[in-house]
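Enquirer: 233 is the number of the first residue of the sequence shown in our numbering; add one for each residue after it.
C-beta atoms are modelled at their ideal positions from N, C-alpha and C, and glycine is treated no differently.
Here it is, the structure, as structure tokens.
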Amino acid sequence: MTQLEEQPTAKETPLVPIEKVVALSKRRGFVYPNSEIYGGVAGIYDFGPLGVELRNNIRRYWWWSMVQLHDNVVGIEGANITHPRVWEASGHVENFVDRLTECANCKRRFRIDHLPEENWEQKKCPNCGGKLGEPRNFNLLMETYLGVVEGERMKTYLRGEACQNIYLDYDNVLKSSRVQVPFGICQIGKAYRNEVTPGNFLFRQREFEQWDLQFFVHPSEMQQWFDYWKEFRFNWYHSIITHKDRLRFRPHAADELAHYAKQAFDIEYRTILGWQEWEGIHWRQDWDLSRHSQYSGQDLSYTDPITKERYIPWIVETSGGVDRTFLNLLLDAYEEEPDPSGRESETRTVLHLNPMLAPVKVAVLPLQKNKEELVTTAKTLHKKLQRLMVAQYDEVQNIGRRYRRQDEIGTPYCVTIDFTTLEDQTVTVRERDTTAQTRIHMEELPMYLLERVTWK
């Protein structure tokens, strides 16, 4: 597997409170509350200038790793609204429910599976101590309607998961692309869930983005491909985090497995919330294609071009979240630490993001903004680097303050234009994690940076 450049194993650092990442995200333009000027909407967020860059980098790396580097994987982009029968076939209309209880006193609702056992046994509200009512089922699908004439509109749903489009387009991909089993279809796309208890920032939202691979195999090859993708996805996450010891596999217990699953594993990451699911690797057998064949009346079986055997492929699924990856990377990267060089007395906040994923790759800083030659040289260099990567230009406040701002948003390299630059065309390159400084000729700088901030 081709991976991002491995980072040194990090020293053990305290788990970061969610509140610190929330504050940083808003202050520096990673994430904003949706509709904040109207009081906000729980469980829905907007992504600011730096958040968009980080999300784009995360998506690009996933797509590069999953589609571009695999000859037997292709991609699609499906619609957010599908025929309502899709969600009957998938089982979501009947089974996509949370069991909820409501407090008679404070009227707050709680998922049964999220309540401490003692609270549910005593029917006692964890918020106010009031009496909890009997559980009710609550469907998580978001309803919408197609058509403009009242009474003739068709009720359907915003998709509850992104993967269903892959099953719907499976036959079209087979007929229009030069693929044969075993092969996979990838998609990154929005999903919507009418979460009753959204919370913990981006961890549980009503509108979020998923990435999915559905890999179609002959039943006899299911185990080998399940093992392949299980290892591949774990290594992928392992390559983008700093704290390697916070990642693990958790196998699903027998009572957790879906009726069609022989195996399922969660890749989990440890945060202040405990061990939480990051991505699921699922053994789906032929359940999905069989159900859609049954409900649609279309034959979705596959004929092997060599053996002429006809069968419905089994499926290995890997399913994770762009937003959850975004959050975990911030939690993994955030640190408050003394200045490693010892030159500054105050604690610095730094995001140790992998340079390949960092939203800004390099900041160009003239030593003084009132020296025209320094500013002109810095702006010229900035324009040159902008054509190759996301670069910022900053001349406000002293050089130490500017370094701190870039550390806080995860910029891996700062380039300072000083008076020596005017003499010999060399610049000072400061590295984020160690604060080490190196002199490099300006002509060599683009290649120096590209070697350190692009996919490997």
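(1) For the segment 439-516, list the beta strand (DSSP E) runs that are entirely contained and at least 3 residues long, ordered along the chain.
(2) What do you reckon, are the CB atoms on R523 and S533 nearer than 8 Å?
(3) Do you know offhand how far V582's Cα is from G506's?
(4) Taking the beta strand (DSSP E) that D665 falls in, what are its first and last residues?
(5) Cα separation between W519 and W546?
(6) Report yes if the CB atom of V263 is closer than 8 Å to the CB atom of E441, and no otherwise.
(7) Can you tell me whether A336 is buried or exposed, with buried defined as 16 or more other CB within 10 angstroms of its CB?
(8) Do the segment 401-419 and the segment 359-373 touch if we need at least three Cβ pairs shorter than 8 Å?
(9) Candidates G307, A274 and S471: which alpha carbon is nearest G431's?
(10) Rounded to whole angstroms, what's the CA-CA distance from H514 to G416? Just pull it up for me.
(11) I544 by DSSP, collapsed to three states: which one?
(12) Distance, Cα to Cα, S322 vs Q396?
(13) Contact between the segment 282-300 and the segment 597-614 is defined here as three or more beta-carbon pairs at a separation below 8 Å; is this criterion met?
(14) Tell me where the alpha helix (DSSP H) around N397 begins and ends.
(15) Relative to the C-alpha of A590, which residue among V411, Q412, R287 and P316 is closest?
(16) By alpha-carbon positions, which one of E663, T666 and P316 ends up nearest to R385?
(17) Give me, in chain order, the residues of the same chain whose beta-carbon lies closer than 7 Å to that of V685; leave out the 5 immediate sequence neighbours on both sides.
(18) Label M454 either buried or exposed according to how many other C-beta atoms from any shown protein chain fall within 10 Å of its C-beta, with 16 as the threshold for buried.
(19) So, is P240 buried or exposed, given that buried needs 16 or more other C-beta atoms within 10 angstroms?
(20) Going by alpha carbons, who is nearest to Q530 out of I544, D536, N266 and K356?
(21) Does DSSP classify F370 as helix, strand or coil?
(22) Tell me where the alpha helix (DSSP H) around Q419 begins and ends.
(23) Three or more C-beta pairs under 8 Å: does that hold for the segment 556-568 against the segment 609-626?
(24) Keeping to the same chain, check which residues put their C-beta closer than 7 Å to that of L247; ignore five residues upstream and five downstream.
(25) Would you list the one or two residues that DSSP bridges to R436?
(26) Given this structure, state the Cα-to-Cα distance separating F447 from R410, to the nearest angstrom.
(27) If you check the beta carbons only, do I649 and L613 fall under 8 Å apart?
(28) If we count the other Cβ atoms within 10 Å of its Cβ and call it buried at 16 or more, is V596 buried or exposed?
(29) Please name the residue or residues paired with Q300 in a DSSP beta bridge.
(30) Along the chain, where does the beta strand (DSSP E) containing P348 start, and where does it finish?
(31) If you follow the beta strand (DSSP E) that T648 is in, where does it begin and where does it stop?
(32) Quick check: R368 and L332, are their CB atoms within less than 8 Å of each other?
(33) Pull up the distance between the alpha-carbon of R516 and that of K540, whole angstroms please.
(34) Can you tell me whether E349 is buried or exposed? The criterion is at least 16 other CB atoms within 10 Å of its CB, across all chains shown.
(35) Output the residue ranges of the alpha helix (DSSP H) runs that lie fully inside the segment 262-342 and measure 4 residues or longer, sorted by chain position.
(36) When you compare each of G261, E569, G272 and I269 to V284 by their alpha carbons, which one comes out closest?
Expert: If we stick to the structure as given:
(1) Within the segment 439-516, the complete beta strand (DSSP E) runs of at least 3 residues are 439-449, 479-483 and 496-503.
(2) Counted from its first residue, the sequence shown places residue 523 at position 291. Counted from its first residue, the sequence shown places residue 533 at position 301. Taking the C-beta atoms as reference points, S533 is found no nearer than 8 Å to R523.
(3) Translated into the one-based positions of the sequence shown, residue 582 becomes position 350. Translated into the one-based positions of the sequence shown, residue 506 becomes position 274. Approximately 23 Å, taken between the alpha carbons.
(4) If you number the sequence shown from 1, residue 665 lands on position 433. Looking at the DSSP string, D665 is not in any beta strand (DSSP E), and its letter there is neither H nor E.
(5) Your numbering for residue 519 matches position 287 in the sequence shown. Your numbering for residue 546 matches position 314 in the sequence shown. Each residue's Cα considered, the two are about 8 Å apart.
(6) Mapped onto the sequence shown, residue 263 falls at position 31. Mapped onto the sequence shown, residue 441 falls at position 209. Between V263 and E441, the C-beta gap is not smaller than 8 Å, which leaves the two residues out of contact.
(7) Here residue 336 corresponds to residue number 104 of the sequence shown, with the count starting at 1. Per the 10 Å Cβ criterion, exposed.
(8) Contact annotation: the segment 401-419 does not touch the segment 359-373, with fewer than three C-beta pairs closer than 8 Å.
(9) Looking up residue 431 in the sequence shown gives position 199. Residue A274 is the option with its Cα nearest to G431.
(10) Translated into the one-based positions of the sequence shown, residue 514 becomes position 282. Translated into the one-based positions of the sequence shown, residue 416 becomes position 184. Each residue's Cα considered, the two are about 14 Å apart.
(11) Counting from one through the sequence shown, the residue named residue 544 turns up at place 312. DSSP, reduced to helix, strand and coil, places I544 outside both helices and strands of the structure shown, so it counts as coil.
(12) Residue 322 sits at position 90 when you count from the first residue of the sequence shown. Residue 396 sits at position 164 when you count from the first residue of the sequence shown. Spanning the two alpha carbons is a distance of roughly 8 Å.
(13) Using a C-beta cut-off of 8 Å, the segment 282-300 makes no contact with the segment 597-614, since fewer than three inter-stretch Cβ pairs fall below that distance.
(14) By one-based count along the sequence shown, residue 397 stands at place 165. Element bounds for N397: Q396 to S408.
(15) Reading the sequence shown from its first residue, position 358 is the one you call residue 590. Among V411, Q412, R287 and P316, the Cα nearest to that of A590 belongs to R287.
(16) Here residue 385 is taken as the residue at index 153 of the sequence shown, counted from 1. Closest by alpha carbon: P316.
(17) Locating residue 685 in the sequence shown gives position 453, where the first residue counts as 1. The answer, listed in chain order, is P587, M588, K593, M621 and P644.
(18) Numbered from 1 along the sequence shown, position 222 holds the residue referred to as residue 454. Answer is buried; the Cβ neighbour count reaches 16.
(19) Sequence index remark: in the sequence shown, residue 240 carries index 8 (1-based). Its pLDDT being 43, under 50, P240 is placed unreliably by the model, and nothing is read from it.
(20) Taking the sequence shown and counting its residues from 1, the one referred to as residue 530 is at position 298. Ranked by how close their Cα comes to the Cα of Q530, the residues I544, D536, N266 and K356 have I544 in first place.
(21) Counting from 1 along the sequence shown, the entry for residue 370 is found at position 138. If DSSP states are grouped into helix, strand and coil, F370 belongs with the strands.
(22) For the purposes of this step, residue 419 is identified with residue 187 of the sequence shown, where counting begins at 1. Counting along the chain, Q419 falls outside any alpha helix (DSSP H), though it belongs to the beta strand (DSSP E) covering F415 to Y424.
(23) By the criterion of at least three beta-carbon pairs nearer than 8 Å, the segment 556-568 is not in contact with the segment 609-626.
(24) Start at 1 with the first residue of the sequence shown, and residue 247 comes out as number 15. Spatial neighbours of L247 in its own chain (CB-CB distance under 7 Å, excluding positions within 5 residues in sequence) are listed in chain order as T503 and I504.
(25) By one-based count along the sequence shown, residue 436 stands at place 204. Paired residue(s): G431.
(26) As a position in the sequence shown, residue 447 is number 215, starting the count at 1. As a position in the sequence shown, residue 410 is number 178, starting the count at 1. Each residue's alpha carbon lies about 15 Å from the other.
(27) As a working mapping, residue 649 is identified with position 417 in the sequence shown. As a working mapping, residue 613 is identified with position 381 in the sequence shown. Result yes, Cβ atoms of I649 and L613 sit closer than 8 Å.
(28) The count along the sequence shown starts at 1 and reaches residue 596 at position 364. By the neighbour-count rule (16 or more Cβ atoms within 10 Å), V596 is buried.
(29) Here residue 300 refers to the residue found at position 68 of the sequence shown. According to DSSP, which records beta bridges pairwise, Q300 is partnered with nothing at all.
(30) By one-based count along the sequence shown, residue 348 stands at place 116. Under the DSSP assignment, P348 falls outside any beta strand (DSSP E); it carries neither an H nor an E label.
(31) The residue given as residue 648 occupies position 416 in the sequence shown. In the DSSP annotation of this structure, the continuous segment of the beta strand (DSSP E) that includes T648 starts and ends at Y645 to I649.
(32) Counting from one through the sequence shown, the residue named residue 368 turns up at place 136. Counting from one through the sequence shown, the residue named residue 332 turns up at place 100. Yes, the Cβ-Cβ distance between R368 and L332 is below 8 Å.
(33) Within the sequence shown, numbered from 1, the residue matching residue 516 stands at position 284. Within the sequence shown, numbered from 1, the residue matching residue 540 stands at position 308. The straight-line gap from Cα to Cα measures roughly 24 Å.
(34) Taking the first residue of the sequence shown as position 1, residue 349 is located at position 117. Within a 10 Å sphere around the beta-carbon of E349 sit fewer than 16 other beta-carbons, which makes this residue exposed.
(35) Along the segment 262-342, the alpha helix (DSSP H) occurs as fully enclosed runs of 4 or more residues at 281-295, 317-321 and 324-327, listed in sequence order.
(36) Here residue 284 refers to the residue found at position 52 when the sequence shown is read from its first residue. Distance check between V284 and each of G261, E569, G272 and I269 places G261 closest, using alpha-carbon atoms only.
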